[in-house]
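Asks: Let me begin by handing over the structure; questions about it come next.
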Amino acid sequence: MATDVVQERARVEAVPESVVRSGVERPLWRTALEYAASLKLTVTLFVLSIGLVFIGTLAQVELDIWEVVARYFRAWICVVPLQVFFPPGFFPSRPQVPGAFPYPGGFLLGTLLAINLVAAHAIRFKIQAKRERLALGLAVLLLGVIVTWLVIASGNNQGINPRIFLFGTYQRLWTAMVLGVGALGITCGVIALRLAPNRRLERRSLFLAAVILVGLAAWLLSGGTARRLDDSGMRILWQLIKGGTAAAVLLLGCRLLFHKRAGIVLLHGGVGLMMFGELWVAMQAVESQMRLAEGEVTNFTEDSRAVELALVLPTLPDAPEQEEHIVVDGRALKAGADEIDDPGLPVKLRVVRFMANSRLEPVSEHAAHAGEDWHNPATAGAGLRYVAEEVPRSTGTDTDGTVDMPSAYVELVDRATGRSLGTYLVSLWLNPQPVQIGEQTYELALRFRRLYKPYVFRLLDVQKRDYIGTDTPRDYSSYVHVVNPQTGDDFKVRIWMNNPLRYAGETFYQSGYFRDPQTGQEITTLQVVTNSGWMIPYVACMIVAIGMLAHFGQTLVRYLDRYQRETPGGAGRAFPGGLAADEDGRATKEDAHSVNQQAGATQRAGIPLGPPRRRDAWERLWVPALVTVVFAVWVGSKARIPSAPDGQMPIYRFGELPVVYEGRVKPFDTLARNNLRAISGRETFVDLEGKRQPAIRWLLDVITQRESDDGSGLPISERYRVFRIDNHEVLRLLGLEPRSGMRYAIAEFRDKAEDFNEQVRKARERRPEEMSLYQRKLVDLDARIRRYTLLQHAFRAEPIPSLPTEEEFRRDPERYRALLARLMEYREIDELLRRFKPPLAVPDPDDENEPWKCHALAWSRAFTRKVREGADPDPFTRAVTDILVAYRKGDVAGFDTAVKTYRELLKKTPPAEYAPQKVHFEAFFNAFAPFYHAAVLYIIVFVLTALSWLGWRPLAFRRSGYWLMWLAFAVHTFAVVARMYISGRPPVTNLYSSAVFIGWAAV
């Protein structure tokens, strides 16, 4: 029987390979290669690598990130202390755990992974080409390797912008790329037209791609240079294009050699190149910094991760313009050698004490708290005035970006007599100090390790442009003059953020700016990187991307082809008697057998043939359409612009008005939502009547300090329960009881302010990592209260007064005494506001340096001018003040009129960086909340899909979920694009946005 034959064949195929080969023993190298290519080894190495990353992350709590890299990732074997697994954040008591264990380091794991990758290729990916195809494939693959090397090497071209091969300029490259996108879209449309009509899925997909690509190209072309990427973006695009070109050549070679497995072979090759790139960086890359004041000249860079002790002879007898530098490597100081005796040194050195990180304080202050037993180790130099005290080293988890500042006490011993010349304090905090050695006067200094260069840099000018209303830099620019006597190079160039200079095999990045608060001198910091393989990650990523596209694209094509053949009616309708009908209805005998086989399988699966029944049409089309329309209407209702009912304040219109905060112009609505979310964790609040209200109403109540109606005299905002306090120790301190929601009003714990401030003061005396959970919660609550208070004091909701005449003062002295007292209080508040960064709500078109002002400061300035000059307030200050005063009084008509007046003023005189369309759109975006509604739709899609698994009307549930998914995707896409438009940045800028974008890409 047929079944017996099949069973016998299965038994034969199950016989071990060694038996089939009649005892022929396999070569040892083959066995070793199979073990090296084992998938189990791959998984094990990946798990160990994840463990190493976890250990390295924990180690950054105590160590600097570069020390972690050297100790764990750029080592063959590392020793892991058990203490690493007890970080203070999880174990506040800081238990001391002795012991350690060995663990494979990054070099060892990387080498084993590379061996595993190569072995897997040798065993599983056989070259399938023969003869001429083999020779051609090897030639093309070799060409791809050469192109890849040329692309990587091209990254070392000198200048700010790389050479654009064939195109010459970025504008031509951009135009060619946009035209290429349009041509690709047209090609998709042509292919769709040439496909057989029965391949509906492929045709629809290609038509959709054609419409998107052609529309995108048309939109980009219509915008001209305004929609072109800037030079930094174009530079990255050019690197990716070059990497993609190399990947395409490699793919062609792999296709000739490996046929269908070309994509996965190329993918693994890209992974291997990325691993090699990391090894190259570890072995070859050097990072340093160049610090220059305006007008200063230098020919060296500094490595802030290493120090050296230098003895400098300022002038040489035979060359007065030159200096002699005698240096001792900082590693010798750290080693704690009893004596450093090198013939090149004019003296012997004894290291009394070395401190990897330190701070200085005057001797008098240190002696006051050090006790009677303390004695100063220094006997000469700056150590007689200052004392170095060791402090914890900076770690990888520090957020302040500080570096270690080492200090050391070093004794100088005369080489000839052995007499001590004194013990000196040397430190990065100190300037070089003179030391008399024989007849020469040297300068003794501890400094960062210097790397001398054959060229000279002169800083001509450094400029900084901040984000509006902040000290956060938007752009640094350094104008430098470069002279290289060896090559004769002499040129001037501008280096700015994201636009580095590549010269002499090094890359110069603009990384820092500092203005001396005493002298006003401007200083720039350039990050200097020597890394000839910096292009490797770009090329490797493109190789991996092209490989994935080829591999999964090929899989998709096979799936679509199989889907088309297995779908009823996909290749024609089945007829009795072995006939099939083509698209025109004519019976044919071609493929009749296969068609009817598919028809039989379809019938056995329970799918009817022939015209669909009416119920099937409802489940397939009308039910999904109805569900989608219902939810589309629901989404549309949420996108409707809010409007105030008759007799109520039009607070949404106020929310559309501009304010500058955290570096950009945004609507008041965003200011309200962000601050309420930071304080309460929500974007709405519950008022005193138990009704849920929007954040903009809370903000207006805060900034106008509208009084409560209960006669207490307190601002109504202080009675809103918006402060979330979930720590029971903090609640006990404030005299509060736990309640549902854990939200409280300031009025409920105002009487505990003194005790609270005292506990906060004690908590802030500790380092953040030493704080207990209770203290961290105190500091967090204090920060939220300060945020609330800053909003309160940043606005003045009262008319700008005039000083009273003598008669007015005599008539009502108490009133004007209160006014003067309030004005004096405002003066003190103004001094505090200047130290912080409050919201800036008042435009000042006449001030180029500060085009936006805090309303409270603008109010005070208007009052001062009114008193001194009798001048009326400027129109912007008056307009904002009128809005706040009308809201505080509850004047609905006055509030509406003031908002309209201010909007007209903004239209007539647009402030700096104010784009009304963008600001109004952001207010609409906030009210719409498309990310939230997309998430709701995705949840409903999941529910519908899960219901389809139950077996009752599965087609209706499945197709409804599928249609609804596309509606959710459309809302999600709108949200992502809208966010990019509002922020002016790419879709991924932080962890939250990456999650949103990855979710969109997954759909």
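Quick note: the sequence shown uses this note's numbering, first residue 43, plus one each step.
Where a beta carbon is used, it is the ideal one built from N, C-alpha and C, also for glycine.
This structure is a prediction, so every number in the text was calculated from the model and none was measured.
Which residues in the same chain as aspartate 456 place their Cβ atom closer than 7 Å to its Cβ, once the five residues preceding and following it in sequence are excluded?
Replies: Around aspartate 456: Val389, Leu463.
Asks: Quick one: residues in its chain with C-beta nearer than 6 Å to the C-beta of methionine 577, no 5 flanking neighbours on either side, listed in chain order?
Replies: So the list reads Ile194, Gly197, once near-sequence residues are dropped.
Asks: Do proline 692 and valine 961 have their C-beta atoms within less than 8 Å of each other?
Replies: No; because the gap between Cβ atoms is not below 8 Å, this pair is not in contact.
Asks: With hydrogens ignored, establish whether the beta-carbon of glutamine 364 is closer than 7 Å to any heavy atom of the ligand MN.
Replies: As presented, the structure is devoid of all ligands, the ligand MN included, so that no description of it is given.
Asks: Using 8 Å as the threshold, is the C-beta distance between valine 354 and proline 476 below it?
Replies: Against a cut-off of 8 Å, the Cβ pair of proline 476 and valine 354 comes out as no contact.
Asks: Counting only the same chain and skipping the five closest in sequence on each side, list residues whose C-beta sits under 6 Å from that of arginine 838.
Replies: The residues are Ala898, Trp901.
Asks: Consult DSSP for asparagine 891 and reduce its assignment to one of helix, strand or coil.
Replies: In the structure shown, asparagine 891 sits in coil (DSSP, three-state: anything other than H, G, I, E or B).
Asks: May I have the straight-line CA-CA distance separating glutamate 338 from aspartate 503, to the nearest angstrom?
Replies: So the two alpha carbons sit approximately 10 Å from each other.
Asks: Identify which residue in Gly222, Val707, Gln817, Asp272 has its Cα closest to the Cα of leucine 1046.
Replies: A query on residue 1046 cannot be resolved here, the shown segment of the chain reaching from 43 to 1045 and no further.
Asks: Which parts of the segment 292 to 328 are runs of the alpha helix (DSSP H), unbroken and 4 residues or longer, counting only runs that do not cross its ends?
Replies: Entirely contained in the segment 292 to 328, the alpha helix (DSSP H) runs reaching 4 residues are, in chain order, 304 to 326.
Asks: Look at the alpha carbon of glycine 595 and the alpha carbon of leucine 226, and state the distance between them as a whole number of angstroms.
Replies: Computed Cα separation, rounded: 16 Å.
Asks: On the three-state DSSP scale, how would you describe methionine 1088?
Replies: The first residue shown for the chain is 43 and the last is 1045, placing residue 1088 beyond what the model contains.
Asks: As an exercise, report each continuous beta strand (DSSP E) stretch of at least 3 residues that is fully enclosed by the segment 475 to 501, in chain order.
Replies: Listed in chain order, the complete beta strand (DSSP E) runs (minimum 3 residues) inside the segment 475 to 501 are 475 to 479.
Asks: I'd like to check one pair, glutamine 505 with serine 519: are the Cβ atoms closer than 8 Å?
Replies: A contact, by the Cβ cut-off of 8 Å.
Asks: Secondary structure at glutamate 104, three-state DSSP: helix, strand or coil?
Replies: DSSP places glutamate 104 in coil when its eight states are reduced to three.
Asks: I'd like to know whether the C-beta atoms of leucine 38 and tyrosine 929 end up nearer to each other than 8 Å.
Replies: The first residue shown for the chain is 43 and the last is 1045, placing residue 38 beyond what the model contains.
Asks: Sorted by chain position, which residues of the same chain lie with C-beta nearer than 7 Å to phenylalanine 710's C-beta, five sequence neighbours on each side aside?
Replies: Result list for phenylalanine 710: Phe696, Gly697, Leu699, Val701, Ile738, Leu741, in chain order.
Asks: What are the start and end residues of the beta strand (DSSP E) that includes arginine 734?
Replies: Here the beta strand (DSSP E) through arginine 734 covers 734 to 736.
Asks: Which runs of the alpha helix (DSSP H) fall wholly inside the segment 528 to 560 and span at least 4 residues, in chain order?
Replies: The segment 528 to 560 contains no whole alpha helix (DSSP H) run of 4 or more residues.
Asks: Beta-carbon within less than 7 Å of glycine 314's beta-carbon, same chain only, minus the 5 sequence neighbours each way: which residues are those?
Replies: So the list reads Ala156, Leu159, once near-sequence residues are dropped.
Asks: At 4 residues or longer, and completely inside the segment 883 to 962: list those alpha helix (DSSP H) runs for me, N to C.
Replies: Whole alpha helix (DSSP H) segments, 4+ residues: 897 to 911, 917 to 931, 934 to 950.
Asks: If leucine 875 sits next to asparagine 717, beta carbons under 8 Å apart, how far is it from one beta carbon to the other, in whole angstroms?
Replies: So it is not a contact: roughly 16 Å between Cβ atoms.
Asks: From the DSSP output, in three-state form, read off valine 85 for me.
Replies: In this structure, valine 85 counts as helix in the three-state DSSP scheme.
Asks: Counting only runs of 3+ residues fully inside the segment 981 to 1008, write out the beta strand (DSSP E) ranges in chain order.
Replies: Within the segment 981 to 1008, no complete beta strand (DSSP E) run reaches 3 residues.
Asks: Arginine 246 and proline 666: beta carbons closer than 8 Å?
Replies: Not closer than 8 Å, so no.
Asks: How far does the alpha helix (DSSP H) with lysine 680 in it extend, from its first residue to its last?
Replies: First-last of the alpha helix (DSSP H) with lysine 680: 665 to 680.
Asks: Just tell me which of Asp729, Tyr509, Gly93, Arg662 has its CA closest to the CA of lysine 708.
Replies: Answer by Cα proximity: Tyr509.
Asks: By DSSP, does lysine 506 sit in helix, in strand, or in coil?
Replies: Here lysine 506 sits in strand by DSSP.
Asks: Can you tell me whether DSSP reads alanine 290 as helix, strand or coil?
Replies: Alanine 290 falls in the helix class under three-state DSSP.
Asks: What residue from Cys296, Ala78, Leu262 has the CA that sits closest to glutamine 170's CA?
Replies: Of the candidates Cys296, Ala78, Leu262, the one whose C-alpha sits nearest the C-alpha of glutamine 170 is Cys296.
Asks: Alpha carbon to alpha carbon, how far is glycine 372 from cysteine 583? Give it in angstroms, no decimals.
Replies: If I take the Cα positions, the gap works out to 39 Å.
Asks: For isoleucine 588, does the three-state DSSP call read helix, strand or coil?
Replies: DSSP places isoleucine 588 in helix when its eight states are reduced to three.
Asks: If isoleucine 871 and phenylalanine 963 are in contact, beta carbons under 8 Å, what's the gap, nearest whole angstrom?
Replies: No, isoleucine 871 and phenylalanine 963 are not in contact; Cβ-Cβ is about 34 Å, not under 8 Å.
Asks: I need the DSSP call for arginine 761, collapsed to helix, strand or coil.
Replies: The answer is helix: DSSP assigns arginine 761 an H, G or I state.
Asks: Would you tell me roughly how many angstroms separate the C-alpha atoms of glycine 425 and threonine 566, rounded to the nearest one?
Replies: For glycine 425 and threonine 566, the distance between alpha carbons rounds to 30 Å.
Asks: Helix, strand or coil for isoleucine 382 per DSSP?
Replies: Residue state, collapsed to three classes: strand.
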